[in-house]
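Chains as they are written, first to last, in this note's numbering: chain A, 7 to 264; chain B, 12 to 529.
Backbone N, C-alpha and C fix where the C-beta goes; we use that ideal spot for every residue, glycine too.
Predicted model only: the values in this text are computed from it and were never measured.
Contents: one structure, followed by commentary.
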């Protein structure tokens, strides 16, 4: 009674030791869903429990299991995570730029670059998905964020999908592109890594790598991965044309490409 | 039946009439031309299969030789019939001899056209009989073990390995799926040949090969017998080898094939002349084989705005319908496509989607409409994704869709895992059963949001079709009016494989298939 009435202080977060939060600090509550290649039954549930414990979750609780087909069982499991992470020491590679909106970008070009900025982009290699490159480049953009085609002072060329790296590079040369935008959606068996790497190699072979700003994007792309592969920047989910444009424009000025 | 959306029947008729004119004007172009893929299809139907020592498919080897020698305008049927007369060999033996570099098909002595045609006809009839046997087999299954209720639950497998696909497909059938589509490996649509044999490597999908078709067909027949429901198999008669894959599908008893008169032009940058000629033969085959085709209008809404440009979907459905009529495809085989792709943040978006789905059902009452799930606004939030898919399923059962390509809560993350497919089937089965007869219980407010939306979309589609009649389909595509994608008439891939037929050209399959032979 007393603790209710006096309102025991809620425990303070220790940022050096964080773990998942369900409804009480440090309860570690984590939900998992997965399939094991074993027949449905009590043994399957036990296998799931043991596996989840090995993943570092205490008190594994199989809340649902269901046979998927003969020899496969699906589980939903809850458990309490035992591990912690020190949030205070985390470093993440990020595109370090002040994001400008479309109109600010236009203003920035007028004031600092004073010529049209040319960007070519494509979904390259065998990737047939245009959704990413369209979201960034096409007039309409995505989710209320207009694409580069609508940016004043930007000449945007969207080459579409399944564009060989060589073709994209040839187009970049033809139109004297300041920036090349590579979109990759299919990541099965790391095909995007091979393709993105190949792009960098080709640009280097052409002696163009340091003459253009090279960025890539896609749902599974991070800035860190992009940098590892030799790109100037990488844009993952929830990035729009203004993010890409702000980076490219700032980079043009920083590198003295005006 | 009176339209619940209060659609003006005169406007529907007018739009359909415009689409007919568009298809008819294209047909004149189509009838004057043939393509390398059309001729390779004739070879496949004549039984030519296999590869040469460099793994090049024999239909390509033969047609490439013909193309180089300038013999394509006459059509391979003549040359093959002639070669049979001159050598006494079968088409397969002739193709093998060409593959070994032992024969040049245009350098043989040349018999009159009529004799070549007579020589080849028994093989043509055999081929048609084989396809008819497959149709009979399908009908026998439907009559004995039956099928699932509509909307059919349609799921994809896409492991890259046909044997792994079999495991996933059989699991899906046991979970309740009615149609299994084996997604092709990325970029197969741009290959100007069909790979050969069983395959175990692919990206984002599995190669469409005749052997892979056979392996999956067998697996689905087995599991169909086990679950007491015929399981339909779907693949892609699209891309550079549109008619060849249709032929393979006919021979191996595929039930559903993706096939669109203009999709390849817009989304794969395949030359428009090539595509239109190829789509014709592919649809003739599909029509003859009782295969349901699925058109690809849903794709417009992934590149263009689903609210603003809904009328382009309807316009394209009318055009696809009329191209299909010319290829003698029955209404019951016209799986015209549309999709649930509006931005989920739109206020009343559900009402607009519902309106359009009912509109499609009313305008194409006998077509097995293919309804495609949300993809563009799937975010990786799988929990919300499951809700988006639920709304999509509600509209499907409410509006009476036919082929329901199930949304996956993990769309935009990866190709479906086994339990993703289970969760999507569970989602759809729950909703379809729980809301089964909702549609027949409901009428819509006169002049309300739902009626007004459908009337507006029909208006715009009708206007667009009238414009296309004026300007022609080629020039409409050149202007980017479908899917916001512009394609030049002489641009894109595969134009070099198109030629004007000569006066003695014949394709023995087309008239017989159109006439429903055997």
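Proximity to residue i [Cα-Cα], best of the options
{"i": "residue 200 of chain B", "options": "B/79, B/214, B/189 and B/187", "result": "B/214"}
{"i": "residue 180 of chain A", "options": "A/156, A/163 and A/169", "result": "A/163"}
{"i": "residue 269 of chain B", "options": "B/262, B/359 and B/307", "result": "B/307"}
{"i": "residue 232 of chain B", "options": "B/177, B/20 and B/15", "result": "B/177"}
{"i": "residue 6 of chain A", "options": "A/201, A/31 and A/260", "result": "With chain A running from 7 to 264 in the structure shown, residue 6 of chain A is simply not present."}
{"i": "residue 341 of chain B", "options": "B/349, B/350 and B/331", "result": "B/331"}
{"i": "residue 171 of chain A", "options": "A/153, A/128 and A/142", "result": "A/128"}
{"i": "residue 231 of chain A", "options": "A/92, A/194 and A/203", "result": "A/203"}
{"i": "residue 235 of chain A", "options": "A/215, A/252, A/253 and A/251", "result": "A/215"}
{"i": "residue 142 of chain B", "options": "B/504, B/259 and B/235", "result": "B/259"}
{"i": "residue 4 of chain A", "options": "A/47, A/192 and A/38", "result": "Only positions 7 to 264 of chain A appear in this structure, which leaves residue 4 of chain A out of reach."}
{"i": "residue 113 of chain B", "options": "B/304, B/365, B/364 and B/72", "result": "B/72"}
{"i": "residue 510 of chain B", "options": "B/503, B/124, B/336 and B/84", "result": "B/84"}
{"i": "residue 175 of chain B", "options": "B/494, B/254, B/144 and B/429", "result": "B/429"}
{"i": "residue 127 of chain B", "options": "B/153, B/225 and B/92", "result": "B/92"}
{"i": "residue 66 of chain A", "options": "A/225, A/51 and A/80", "result": "A/51"}
{"i": "residue 108 of chain A", "options": "A/211, A/146, A/130 and A/96", "result": "A/146"}
{"i": "residue 43 of chain A", "options": "A/152, A/211, A/233 and A/75", "result": "A/75"}
{"i": "residue 495 of chain B", "options": "B/271, B/124, B/416 and B/276", "result": "B/276"}
Straight-line gap, residue i to residue j (C-alpha atoms, nearest Å)
{"i": "residue 441 of chain B", "j": "residue 361 of chain B", "result": "19 Å"}
{"i": "residue 7 of chain A", "j": "residue 34 of chain A", "result": "Note on residue 7 of chain A: pLDDT 44, under 50, position unreliable in the model; the coordinate value appears next. If you take the alpha carbons of residue 7 of chain A and residue 34 of chain A, they lie about 27 Å apart."}
{"i": "residue 313 of chain B", "j": "residue 319 of chain B", "result": "12 Å"}
{"i": "residue 219 of chain A", "j": "residue 209 of chain B", "result": "43 Å"}
{"i": "residue 177 of chain A", "j": "residue 77 of chain A", "result": "52 Å"}
{"i": "residue 485 of chain B", "j": "residue 283 of chain B", "result": "7 Å"}
{"i": "residue 40 of chain B", "j": "residue 131 of chain B", "result": "27 Å"}
{"i": "residue 279 of chain B", "j": "residue 59 of chain A", "result": "48 Å"}
{"i": "residue 262 of chain B", "j": "residue 256 of chain B", "result": "10 Å"}
{"i": "residue 142 of chain A", "j": "residue 515 of chain B", "result": "52 Å"}
{"i": "residue 265 of chain B", "j": "residue 302 of chain B", "result": "7 Å"}
{"i": "residue 70 of chain A", "j": "residue 422 of chain B", "result": "23 Å"}
{"i": "residue 519 of chain B", "j": "residue 52 of chain B", "result": "12 Å"}
{"i": "residue 245 of chain A", "j": "residue 172 of chain B", "result": "34 Å"}
{"i": "residue 106 of chain A", "j": "residue 260 of chain A", "result": "16 Å"}
{"i": "residue 347 of chain B", "j": "residue 414 of chain B", "result": "10 Å"}
{"i": "residue 224 of chain A", "j": "residue 426 of chain B", "result": "16 Å"}
{"i": "residue 112 of chain A", "j": "residue 103 of chain A", "result": "16 Å"}
{"i": "residue 483 of chain B", "j": "residue 225 of chain B", "result": "41 Å"}
Residue-chain proximity (residue i, chain B), Cβ-Cβ < 8 Å
{"i": "residue 127 of chain A", "result": "no"}
{"i": "residue 51 of chain A", "result": "no"}
{"i": "residue 243 of chain A", "result": "yes"}
{"i": "residue 205 of chain A", "result": "no"}
{"i": "residue 176 of chain A", "result": "no"}
{"i": "residue 192 of chain A", "result": "yes"}
{"i": "residue 195 of chain A", "result": "yes"}
{"i": "residue 136 of chain A", "result": "yes"}
{"i": "residue 35 of chain A", "result": "no"}
{"i": "residue 233 of chain A", "result": "no"}
Residue-level contact to chain A via CB, residue i, 8 Å cutoff
{"i": "residue 185 of chain B", "result": "yes"}
{"i": "residue 354 of chain B", "result": "yes"}
{"i": "residue 181 of chain B", "result": "yes"}
{"i": "residue 227 of chain B", "result": "no"}
{"i": "residue 525 of chain B", "result": "no"}
{"i": "residue 44 of chain B", "result": "no"}
{"i": "residue 492 of chain B", "result": "no"}
{"i": "residue 391 of chain B", "result": "yes"}
{"i": "residue 211 of chain B", "result": "no"}
Anticipated Cβ contact below 8 Å, residue i with residue j, distance rounded
{"i": "residue 465 of chain B", "j": "residue 524 of chain B", "result": "With a Cβ gap of about 36 Å, residue 465 of chain B and residue 524 of chain B do not count as contacting."}
{"i": "residue 97 of chain B", "j": "residue 69 of chain B", "result": "Not quite, the Cβ-Cβ distance comes to about 19 Å (not below 8 Å), so this is no contact."}
{"i": "residue 190 of chain B", "j": "residue 169 of chain B", "result": "Not confirmed; about 14 Å, so no contact."}
{"i": "residue 45 of chain B", "j": "residue 288 of chain B", "result": "7 Å"}
Any non-hydrogen atom of the ligand GTP within 7 Å of residue i CB
{"i": "residue 193 of chain B", "result": "Ligands are entirely absent from the displayed structure, and the ligand GTP is therefore not among its contents."}
For the 8 Å Cβ check, are there 3 or more pairs between the stretch 145 to 155 of chain B and the stretch 390 to 406 of chain B? Because the criterion of three Cβ pairs below 8 Å is not met, the stretch 145 to 155 of chain B and the stretch 390 to 406 of chain B do not touch.
Quick test of the definition: if touching needs 3 or more C-beta pairs under 8 Å, does the stretch 289 to 301 of chain B touch the stretch 242 to 257 of chain B? With a cut-off of 8 Å on Cβ pairs, the stretch 289 to 301 of chain B is in contact with the stretch 242 to 257 of chain B, counting three or more such pairs.
Contact between the stretch 59 to 69 of chain B and the stretch 100 to 107 of chain B (3+ Cβ pairs under 8 Å): Cβ pair count under 8 Å is three or more, so yes.
Evaluate contact between the stretch 233 to 244 of chain A and the stretch 81 to 92 of chain A, counting only Cβ atoms and requiring at least three cross-stretch pairs below 8 Å. Taking a cut-off of 8 Å on C-beta distances, the stretch 233 to 244 of chain A does not touch the stretch 81 to 92 of chain A, as fewer than three cross pairs fall below it.
Are the stretch 131 to 145 of chain B and the stretch 82 to 95 of chain B touching, with three or more C-beta to C-beta distances below 8 Å? The stretch 131 to 145 of chain B is in contact with the stretch 82 to 95 of chain B.
Would you be able to state if there are at least three C-beta pairs under 8 Å between the stretch 184 to 191 of chain A and the stretch 19 to 31 of chain B? Judged by Cβ distances under 8 Å, the stretch 19 to 31 of chain B makes no contact with the stretch 184 to 191 of chain A, as fewer than three pairs qualify.
Measuring CB atoms only, is the stretch 151 to 168 of chain B touching the stretch 234 to 247 of chain B, in the sense that at least three cross pairs come out at less than 8 Å? Verdict: yes, contact present.
Are there three or more Cβ pairs, one per stretch, closer than 8 Å when the stretch 152 to 163 of chain A is compared with the stretch 106 to 116 of chain A? Under the Cβ criterion (8 Å, minimum of three pairs), the stretch 152 to 163 of chain A counts as touching the stretch 106 to 116 of chain A.
Does the count of Cβ pairs from the stretch 349 to 357 of chain B and the stretch 440 to 459 of chain B closer than 8 Å reach three? Pairwise C-beta distances place the stretch 349 to 357 of chain B out of contact with the stretch 440 to 459 of chain B, as fewer than three of them are shorter than 8 Å.
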